[in-house]
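Novice:
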Amino acid sequence: MKRPIKVLVAKPGLDGHDRGAKIVANALRDAGIEVIYTGLHQTPEMILDAALQEDVDVVSLSILSGAHMTLLPRVRDLMDEKGLDDVPLVGGGIIPEGDVKKLKKMGVSEIFGPGTDTRDIVSYINELFEHRSKKRAG
Amino acid sequence: MTQDYFDRFFAGETLAASRLMSIVEAGGKAGEAVLNRLFPEVGRAYRIGVTGFTGAGKSTLVDAVSRRYRDAEKSVGVIAEDPSSPFTGGAILGDRVRMQQASDDGVFIRSIASRGSETGLSACATQLADVLDAFGRDIIFLETIGIGQLEYRIRHMAHTTCVVLTPDAGDDVQSLKSGLMEVGEVFVVNKADRENARRYADDLRSMLELRQNADWLPPVVETVGTREKGIGELHEAIERHREYLSQDGRLEEKRVESLRDRVTLVADERLRELFWGNDTIRKKLDSIVASVVAGKKSPYEAAREILEPLAINSRK
Ligand SMILES: Nc1nc2c(ncn2[C@@H]2O[C@H](COP(=O)(O)OP(=O)(O)OP(=O)(O)O)[C@@H](O)[C@H]2O)c(=O)[nH]1
Ligand SMILES: [Mg+2]
Chain A
412 MKRPIKVLVA KPGLDGHDRG AKIVANALRD AGIEVIYTGL HQTPEMILDA
462 ALQEDVDVVS LSILSGAHMT LLPRVRDLMD EKGLDDVPLV GGGIIPEGDV
512 KKLKKMGVSE IFGPGTDTRD IVSYINELFE HRSKKRAG
Chain B
100 MTQDYFDRFF AGETLAASRL MSIVEAGGKA GEAVLNRLFP EVGRAYRIGV
150 TGFTGAGKST LVDAVSRRYR DAEKSVGVIA EDPSSPFTGG AILGDRVRMQ
200 QASDDGVFIR SIASRGSETG LSACATQLAD VLDAFGRDII FLETIGIGQL
250 EYRIRHMAHT TCVVLTPDAG DDVQSLKSGL MEVGEVFVVN KADRENARRY
300 ADDLRSMLEL RQNADWLPPV VETVGTREKG IGELHEAIER HREYLSQDGR
350 LEEKRVESLR DRVTLVADER LRELFWGNDT IRKKLDSIVA SVVAGKKSPY
400 EAAREILEPL AINSRK
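Those sequence lines, one after another, are chains A and B.
Residue numbering for the first sequence follows the working numbering, starting at 412 and increasing by one per position.
Residue numbering for the second sequence follows the working numbering, starting at 100 and increasing by one per position.
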């Protein structure tokens, strides 16, 4: 049974524009994905609520504010606490190489830098989804 | 697995409710089994339908009125539908963007893509509402996709249907399609901060009076969703309609109507699947179409012929 993948696209933090998040949302939509778009200024708790209520397959956060080292791990922890430990979390934004490594160790699946081709994001998400479906079924 | 979900569901766990909704959304036997299991628990929630043109302010108003219900300690659920792209099947479900303030533990918002359904609210939206109903939500809002044309179905899916209009929507009230007038039990003129709102609302009122044929005259409420204006009035108007329904067996009547609609809808869908999914029928279709192409039969004769296996007492 093939169903559309559902991805939560959220923009945490205080900075006021979500162009990057919108570009990602549109690219995912064009790839046949159902995007739940929450808009700006999301707290980690709001992101968690949305992920729980919408039962998404992947959570994608777009971060510009530089608060990635607190926001991403915080969302990851909340998700793990509430039973979403098998839902991948990905991030996008300007994040230094060293931090990327640390974040991955903390359970963030992937980080997409500013220049990333949206097609790469799409295929990465497709792979994540297949992998997870197999794991759940098996 | 599913039994585990049910236990957690009845213990009030959000994730369990959410996973059961996904099973329902995926459809098939598993989805149906969930709906069957929950059906005895369905029917306590009060359902409020919200329809209207794209961008009229439906989500903004749902958010604002939700807060009133939260203040009254009612738990709230929202099913918000947005269109799927007919080309890719993908969708951007953006209703949450305008539903930030009401988002606390008491408000369960679930977005849903239309996935090829041609009505403003897919059959699946009602099913998800059923899950939230069984989950114990007191009030459930059903937001349709922004409609260009009409949405009749919502009548059967909600107790109170609100039609959200804006002063600039259809130039003047005269141009509103008559179906839209009939489907509304509460009318909202949102964006009342805009010019002409008062006149638009007055025109709407006199039009509704003119057409009135039941005991219920739909009220017209002017609101500014973004500034909390008129929200109390809207909340009251909904509650007044609820009060009206609760008298003279109207609620029960509505229930029967809505369940009849539901059974017919499901049976209709199943019938098509069974019929067109049948190999013999499909082969027969090919040969009948061929005879239409050859000019031996009209399309009407052909249709009649292909439906022959269904001729259960059709003469009567
Ligand atoms: N000026 C003004 N703008 C409003 C009002 N209510 C909502 N808006 C704005 O109108 C836009 C659309 O509002 P939504 O609540 O998303 O409308 P909707 O009907 O849910 O839209 P769809 O779900 O896309 O059909 C948003 O930018 C709102 O901020 C109002 O009373 N006045
Ligand atoms: Mg909306």
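The beta carbon of each residue, even a glycine, is placed where N, CA and C say it ideally should be.
Quick caveat, the model's predicted, so the values are computed rather than measured.
#1: Distance check for residue 174 of chain B and residue 628 of chain A, CA to CA, integer angstroms please.
#2: Name the chain A residues whose beta carbon is nearer than 9 Å to that of residue 187 of chain B?
#3: Exposed or buried, what is residue 290 of chain B when buried is set at 16 or more other beta-carbons lying within 10 Å of its beta-carbon?
#4: Tell me which residue opens and which closes the alpha helix (DSSP H) that residue 521 of chain A is part of.
#5: Identify the continuous beta strand (DSSP E) that holds residue 421 of chain A and give its terminal residues.
#6: Write down the C-beta distance between residue 219 of chain B and residue 238 of chain B rounded to the nearest angstrom, noting that I regard them as a contact closer than 8 Å.
#7: Just reading off the alpha helix (DSSP H) that residue 146 of chain B is part of, what are its end residues?
#8: Would you give the residue range spanned by the alpha helix (DSSP H) that residue 273 of chain B belongs to?
#9: What would DSSP say about residue 278 of chain B, mapped onto helix, strand or coil?
#10: Since residue 450 of chain A sits in a beta bridge, which residues does DSSP pair it with?
#11: Flag residue 125 of chain B as yes if its beta-carbon sits less than 8 Å from any beta-carbon of chain A, otherwise no.
#12: If you draw a straight line from the C-alpha of residue 321 of chain B to the C-alpha of residue 152 of chain B, how long is it?
#13: Among A:460, A:438, A:468, A:537, whose alpha-carbon lies nearest the alpha-carbon of residue 500 of chain A?
#14: Drop a sphere of 10 angstroms on the beta-carbon of residue 373 of chain B, count the other beta-carbons inside from all chains shown, and report buried for 16 or more, exposed for fewer.
#15: Between the Cα of residue 360 of chain B and those of B:294, B:329, B:251, spot the shortest distance and give me the residue it belongs to.
#16: Is there a Cβ of chain A sitting closer than 8 Å to that of residue 208 of chain B, yes or no?
#17: Residues in its own chain within less than 6 Å of residue 179 of chain B by CB, not counting five upstream and five downstream?
#18: Would the stretch 454-471 of chain A count as touching the stretch 526-545 of chain A if we require 3 or more Cβ pairs under 8 Å?
#19: Which residues bound the alpha helix (DSSP H) around residue 394 of chain B?
#20: Return the first residue and the last residue of the beta strand (DSSP E) that residue 210 of chain B is part of.
#21: Can you find a CB in chain A that lies within less than 8 Å of the CB of residue 193 of chain B?
#22: Tell me the residue span of the alpha helix (DSSP H) that contains residue 486 of chain A.
#23: Does the beta-carbon of residue 295 of chain B, which I'm using as the reference point, lie nearer than 7 Å to any heavy atom of ligand 1?
Specialist: Result, derived from the coordinates:
#1: Chain A is shown from 412 up to 549; residue 628 of chain A falls before or after that span and cannot be answered.
#2: By one-based count along the second sequence, residue 187 of chain B stands at place 88. Result: 440, 441, 442, 443, 444.
#3: Locating residue 290 of chain B in the second sequence gives position 191, where the first residue counts as 1. When all chains shown are included, residue 290 of chain B counts as buried.
#4: The count along the first sequence starts at 1 and reaches residue 521 of chain A at position 110. First-last for residue 521 of chain A: 521-523, but that is the beta strand (DSSP E), not the alpha helix (DSSP H).
#5: By one-based count along the first sequence, residue 421 of chain A stands at place 10. Residues 417-423.
#6: Locating residue 219 of chain B in the second sequence gives position 120, counting from the first residue. Locating residue 238 of chain B in the second sequence gives position 139, counting from the first residue. Between residue 238 of chain B and residue 219 of chain B the Cβ distance is about 20 Å, and since that is not below 8 Å, they are no contact.
#7: One-based indexing of the second sequence puts residue 146 of chain B at position 47. Here residue 146 of chain B belongs to no alpha helix (DSSP H); instead the beta strand (DSSP E) covers 145-151.
#8: Walking along the second sequence from the start, residue 273 of chain B turns up at place 174. Premise fails: residue 273 of chain B is in no alpha helix (DSSP H) and is neither H nor E.
#9: As a position in the second sequence, residue 278 of chain B is number 179, starting the count at 1. Helix at residue 278 of chain B.
#10: Here residue 450 of chain A refers to the residue found at position 39 of the first sequence. Residue 450 of chain A pairs with A:421.
#11: On the second sequence, residue 125 of chain B is found 26 positions in, with the first residue counted as 1. At least one chain A Cβ lies under 8 Å of residue 125 of chain B.
#12: Walking along the second sequence from the start, residue 321 of chain B turns up at place 222. Walking along the second sequence from the start, residue 152 of chain B turns up at place 53. Roughly 16 Å between the two C-alpha positions.
#13: Taking the first residue of the first sequence as position 1, residue 500 of chain A is located at position 89. Selected option, being the one with the closest Cα: A:468.
#14: Mapped onto the second sequence, residue 373 of chain B falls at position 274. Classification of residue 373 of chain B: exposed, given that the 10 Å Cβ count is below 16.
#15: Here residue 360 of chain B refers to the residue found at position 261 of the second sequence. The candidate whose alpha carbon is nearest that of residue 360 of chain B is B:251.
#16: Taking the first residue of the second sequence as position 1, residue 208 of chain B is located at position 109. Interface residue, yes.
#17: Locating residue 179 of chain B in the second sequence gives position 80, where the first residue counts as 1. 194, 210, 242, listed in sequence order.
#18: yes
#19: One-based indexing of the second sequence puts residue 394 of chain B at position 295. Residue 394 of chain B -> no alpha helix (DSSP H), and no H or E assigned at all.
#20: The residue given as residue 210 of chain B occupies position 111 in the second sequence. 206-212 is the span of the beta strand (DSSP E), which, as asked, contains residue 210 of chain B.
#21: On the second sequence, residue 193 of chain B is found 94 positions in, with the first residue counted as 1. For residue 193 of chain B, the answer is yes, since a Cβ of chain A falls inside 8 Å of its Cβ.
#22: In the first sequence, residue 486 of chain A corresponds to position 75, counting from 1. Looking at the DSSP string, the run of the alpha helix (DSSP H) that includes residue 486 of chain A is 479-492.
#23: Here residue 295 of chain B is taken as the residue at index 196 of the second sequence, counted from 1. No, Cβ of residue 295 of chain B sits at least 7 Å from all heavy atoms of ligand 1.
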